[in-house]
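Chemist: I'd like to ask you about the structure that follows.
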Amino acid sequence: AQTVTQSQPEMSVQEAETVTLSCTYDTSESDYYLFWYKQPPSRQMILVIRQEAYKQQNATENRFSVNFQKAAKSFSLKISDSQLGDAAMYFCAYLRWAGGTSYGKLTFGQGTILTVHP
Amino acid sequence: GAGVSQTPSNKVTEKGKYVELRCDPISGHTALYWYRQSLGQGPEFLIYFQGTGAADDSGLPNDRFFAVRPEGSVSTLKIQRTERGDSAVYLCASSLSGARSGANVLTFGAGSRLTVL
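Protein sequences, first through last, are from chains A and B. Sequential numbering of the first sequence, starting at 201, is according to our numbering. Sequential numbering of the second sequence, starting at 1028, is according to our numbering.
Structure below.
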């Protein structure tokens, strides 16, 4: 079974600074997706960024970027120019992909609470 | 609708009671998921619907939990004889099906927080 581990229960950053959240995963599959989701106090999970395992290029979405190290099974999230609105719980998630019948059965990590200080 | 809608937002019940949680997915999304998130934890998969049928219910913890989606749109998660350990946030998500670009992008609702006293 796949496992996802987030070793940082809490992180903090000053507004406008950069912070990196860590995630490692364990899988024997070759085709999969990795995600970072943000969950603010409103509880709604919001997709931040997605990485396809077969793509070597790291995904980026505006101030958010990932460092995907497939051999090391590491998938960290870098938030640049941190804003107060970035404060939330962040979850790393894994999705095995097995072709056309695959579906969104995600395996989540335990989460990292990010605090942004003004 | 524009997003995934879940009702009720909060539900407090007594041990042993029956509870129903409702999910209204994004219009056109044929795939629907239920996840359970215990306090301080990441969500855990419960069940996946493709259309009206439960294609994967491997995450349901026991036979007190049941879910339906009779018309392929709205889904109801039903919990019988609730226990204190059932207290959690129950998240619903929906997605398109089939192609890579759609099937792996889930849109979540805001969840239903269940508290069993």
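Even glycine gets a Cβ: it sits at the ideal position worked out from N, Cα and C. Keep in mind it's a predicted model, so treat the numbers as computed, not measured.
(1) From what residue to what residue does the beta strand (DSSP E) around T1034 (chain B) run?
(2) Is the shortest distance between the beta-carbon of R296 (chain A) and the beta-carbons of chain B less than 8 Å?
(3) So which residues of chain A does S1122 (chain B) contact, with C-beta pairs closer than 9 Å?
(4) Please report the distance separating the alpha-carbon of L1073 (chain B) from that of F1092 (chain B).
(5) Report the residues of the region 242-257 of chain A with a CB closer than 9 Å to any CB of chain B, ordered along the chain.
(6) Within the same chain, show all residues whose beta-carbon is closer than 7 Å to that of G981 (chain B), passing over the 5 residues directly before and after it, in chain order.
(7) Roughly how many angstroms separate the alpha carbons of Q283 (chain A) and V266 (chain A), rounded to a whole number?
(8) For Q310 (chain A), return the contacting residues in chain B, with the cut-off set at a CB-CB distance below 9 Å.
(9) Please decide whether Y290 (chain A) counts as near chain B, where near means a Cβ-Cβ distance under 8 Å.
(10) Have a look at T218 (chain A) and V1143 (chain B) and give me their C-alpha separation to the nearest angstrom.
(11) Less than 8 Å between the C-beta atoms of S1114 (chain B) and L1087 (chain B), yes or no?
(12) Tell me which residues of the region 218-236 of chain A have at least one Cβ-Cβ distance to chain B shorter than 9 Å, keeping chain order.
(13) For chain A, check one thing: does any of its Cβ atoms lie closer than 8 Å to the Cβ of V1116 (chain B)?
(14) Are the beta-carbon atoms belonging to Y1075 (chain B) and L1133 (chain B) less than 8 Å from one another?
(15) Is C223 (chain A) near S276 (chain A), with beta carbons less than 8 Å apart?
(16) Pick helix, strand or coil for R1111 (chain B), following the three-state DSSP scheme.
(17) According to DSSP, is G285 (chain A) helix, strand or coil?
(18) Looking at the C-beta of D1113 (chain B), does it have a partner C-beta in chain A at a distance below 8 Å?
(19) Given that a residue counts as buried once 16 or more other Cβ atoms are within 10 Å of its Cβ, and exposed if not, what is V1031 (chain B)?
(20) Measuring CB to CB, does D231 (chain A) end up less than 8 Å from T203 (chain A)?
Modeler: The structure says:
(1) S1032 to T1034
(2) no
(3) Y303 and G304
(4) 9 Å
(5) S242, R243, Q244, M245, I246, L247, R250 and E252
(6) Given that chain B is displayed from residue 1028 to residue 1144, the structure contains no residue 981 (chain B) and the question cannot be resolved.
(7) 18 Å
(8) G1067, Q1068 and G1069
(9) no
(10) 41 Å
(11) no
(12) Y233 and F235
(13) yes
(14) no
(15) yes
(16) helix
(17) helix
(18) no
(19) buried
(20) no
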